[in-house]
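Beneath this line is the structure, given in structure tokens, with notes to follow.
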Amino acid sequence: MNGYWGKILIADLSTGTLIDEPLNERYARDFLGSTGLAARYLFDMVDEKTDPLGPDNPLILMPGLLNGTSGPSVSRWGGATKSPYTGHYGDANAGAFFGAELKNAGYDGIILKGQSPKPVYLYIKNGAVQLKDAGSLWGTDTYKTQEEIKKECKDKRTQIACIGPASENLVPCGNIMSEWGHSLGRAGLGCVMGSKKVKAIAVRGQMKLPMQDPERFREVARKATKEVREGFLSQWMHEGGTASWVDSAISYGDGPTRYYTAPTMPEATKISGVTMAEEYETGHTGCFGCPIRCRKVLQIKEGTYTYESVEGPEYETVIALGAMMGLDLDMPTIVYLNELCNGYGFDTISSGASAGYAFYLYELGVISDKDTGGLKLTWGNIDAAVELIRQIGTNEGFGAIVAEGTRRMAERYGRPIGEAVQTKGLEIPMHDPRAYHSMGLVYATAPRGADHNKSDGYQVDSGVGHPDLGLNADDRWGDEKAAMVEKSQNFRALTDSLGICHFAFIPFDLVLGMINSSTGWNTDMDQLMTAGERIFQLQRALSCKLGITSQDDVLPELVMRPIPEGGQEGHVPNMAKMLPEYYALRDWDSTTGKPSKKRLESLGMPEIAASIGAK
Amino acid sequence: MARITINFIGPWRLVLGVRTATAEVHTIDEARTYVETHYGPVYQKRLKARGIVKKQSIWDNSNILLNGRTIKQVEETALKDGDTLDLLLIVAGG
């Protein structure tokens, strides 16, 4: 089996047994890798009764199909589980080096089952696996954990995916972290790892992946690297990083401010990627084999918090931990807040948005100092925000309530559910659907709940388009978005499973060249796009299996209120038009929300159709 | 002739080394010519330094806001004194 090792590791933590199991070749062919393949395995292992924090909920981690190869920007790896944050399907993907290292250590994936009686970490080196004691690591932050394990392994090139104190304390939006702030975030995969008492997975891989035609692969990868290096998006991602989008977000009204009630605050430019580059940048870092190197290394010499060398926060974090609470931050403080979240190991998007909702409720008078433990959550109160974020990390005080997320907060305080800006329990990321109508549809229909990376909505409508996909820039406030969203969701389900970064535009003939020379398949782009659709529909079917219906495909009422001032110019997405059109394209039942039996069968998934009772 | 302000937003600021420029032009189309003439060479030089030889346009790779409001790429919109044009890069991500 070329392009794969043909085996996955099953770690039963209750018994401490470690078993290699053959990779299901049909699953691999149909669902490729990373979140696609992980979702297929997960489908058979969970149902509505599965307790997300119980021993029966598996945590599945898988490299992307192209991870660990010489292909450019193909380092994305992923995972899936039943989310403790949302209660249904949860997945996540991340970059850095872990996926590549895992692949080169001889595995196509890891399934963690059961629960360990004591803290452990898994150590994998070139196909050999050990379960090690992690008692001394329990309680340490994600940076220290990685440092200590590398020391213990006596190998600095060991790559580590770990949890911090947040996930140990079962903060529902706990992340799995690797390197300097790379996270499997959003859906609480770290919290599940914490429930299993697995502090970390350390991998070292120097094995050579079997390939059908390695020479041909190298040749295609070289061409692809040149394309990525010279790509327009790559240039800008290198220069500015994701956080440089802050300045554009101010103009477009894209960055939620004061919990979605005000135009994007112009002060945010002080903590943008452009300001980082102009005043603080000392260099760049990148993921495995990536020529873009979009992440910024900063030096902060003055201010409340100083750093000799630290990675800068990404766009989502800058807005979620800043404008969302109306904070006029300086660079040292946003970096500190980001480091606080990364060290404790929890999601900056959901925690920032939930903290923003707490500020909103405080300003409305719904909650008071009595509820917040004395925190005065008035817009712009930086000290209160810093303390609240810290409390989320420790899962204590008012922070423990905010850590539950906006939906549970709305329920707790008797507020209308449409005030909680989330879909399916997951907070909407920092691209306001009133700035890009397509994002309303993307958020409403993403399988795990609101997810900005499950399509190319705002990218296409910002003007860059996607010529290979036939998607051209359109009016950002148009409502003819169903076809574009459907197609780009399928495409992103595909690229996520292959491990390709969103910022790398690799021409399709080169993507095909890499896949076929690695696996020996003779696939084409039509087949791959069908695989993308298959993966998306599978993830949707899994959401439905776990309780999601059409009633959950809703954009919250608060983000349907127009803001005439600023870059949104008073626009709101026309969900009543877009959703039925999208449902028709997807062939989803308007009541149950399930994909049709016919569509699932045409995608080669009759067993999935039968399992969910699709009609 | 209108005296207008042109703001280079986000990464344009980094690449062109300028935040704001003042121009005297009649129309949007003339503003475009002004931008390409004055800043195009800076952009090409920056691209060349990264090994990219293909000539690229600043204007065509921008979304344009007039006084904070989105405009379509119309060619002959008349401008007046005090107008502001924001040039935003067409790429997005984050």
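Chains as they are written, first to last, in numbering that gives the first Met the number 0: chain A, 0 to 614; chain B, 0 to 93.
Ideal Cβ placement from N, Cα and C applies to all residues, glycine included.
Judged by beta-carbon spacing, SER349/A lies within the 7 Å limit of GLY404/A, meaning their Cβ atoms are closer than that value. Ranked by how close their Cα comes to the Cα of LEU387/A, the residues GLY108/A, TYR356/A and GLU229/A have TYR356/A in first place. Within the model, the alpha-carbon separation for ILE59/A versus THR80/A is close to 6 Å. Put simply, of PRO255/A, SER233/A and ASN515/A the residue whose alpha carbon is nearest the alpha carbon of MET210/A is ASN515/A.
A direct Cα-Cα distance of roughly 6 Å separates THR256/A from GLY325/A. Taken through DSSP and simplified to helix, strand or coil, ASN23/A comes out as coil. In the structure shown, MET210/A falls within a coil segment according to DSSP collapsed to helix, strand and coil. Looking at the DSSP output, GLU23/B sits in a beta bridge with ARG2/B. The C-beta of LEU363/A has fewer than 16 other C-beta atoms within 10 Å across all chains shown, which makes the residue exposed. For PHE397/A, the three-state secondary structure derived from DSSP is helix. Using a Cβ-Cβ cut-off of 7 Å, PRO10/B is close to TRP235, GLU238, GLY239, SER243 and VAL273 of chain A, given in chain order.
Excluding the 5 residues flanking it on each side, VAL219/A has same chain C-beta neighbours closer than 7 Å at LEU509, GLY512, MET513 and SER516, in chain order. Within chain A, the residues placing a beta-carbon under 7 Å from that of ASP85/B are SER250, ordered along the chain. Segment contact: the region 183 to 194 of chain A against the region 68 to 85 of chain A, three or more CB-CB distances shorter than 8 Å; contact assigned.
One Cα belongs to GLU313/A, the other to THR591/A, and the distance between them is close to 37 Å. Counting only the Cα atoms, GLY288/A lies some 7 Å from SER69/A. Nearest in C-alpha terms to ILE366/A, of all of ASP346/A, PHE397/A and GLN536/A, is PHE397/A. Boundaries of the alpha helix (DSSP H) around ILE607/A: 605 to 611. Neighbours of HIS283/A across chain B, judged by C-beta separation under 9 Å, do not exist; the nearest C-beta is about 13 Å away. Nearest neighbour of GLU23/B by Cα position, chosen from HIS37/B, ALA48/B, LEU13/B and VAL17/B, turns out to be HIS37/B.
Within the region 53 to 69 of chain B, the residues whose Cβ lies closer than 9 Å to any Cβ of chain A are, in chain order, LYS53, GLN55, ASN60, SER61, ASN62, LEU64, GLY67, ARG68 and THR69. A distance below 7 Å between beta-carbons, with the five flanking residues on each side excluded, links LYS486/A to the following residues of its chain, in chain order: LEU468 and LEU470.
Counting along the chain, VAL484/A sits inside no beta strand (DSSP E); it lies in the alpha helix (DSSP H) bounded by residues 481 to 497. Ranking LYS44/B, THR26/B and LEU86/B by CA distance to the CA of ARG18/B puts LEU86/B first. Proximity of ALA91/B to chain A, defined by a Cβ-Cβ separation below 7 Å, is satisfied. Taken through DSSP and simplified to helix, strand or coil, ASN337/A comes out as helix. Nearest CB-CB separation between ILE51/B and chain A: below the 7 Å threshold.
Residues of chain A with a Cβ closer than 7 Å to the Cβ of LEU88/B are, in chain order, TRP235 and SER247. Per DSSP, MET528/A is one residue of the alpha helix (DSSP H) stretching across 524 to 544.
From the beta-carbon of VAL34/B, no residue of chain A is found nearer than 8 Å; the closest lies around 16 Å away. Within the region 10 to 28 of chain B, the residues whose Cβ lies closer than 7 Å to some Cβ of chain A are PRO10, ARG12, LEU13 and VAL14, listed in chain order. Looking at LEU111/A, ASN103/A and GLY134/A, the one whose alpha-carbon comes closest to that of PRO118/A is GLY134/A.
Looking only at LYS300/A, LYS614/A, SER308/A and ALA613/A, the smallest Cα-Cα distance to GLY282/A is reached by SER308/A.
For TYR306/A, the three-state secondary structure derived from DSSP is strand.
The region 78 to 92 of chain B makes contact with the region 459 to 468 of chain A: 3 or more CB pairs, one atom from each, lie closer than 8 Å. Any Cβ of chain B closer than 7 Å to the Cβ of PHE502/A would place that residue at the interface, and such an atom is present.
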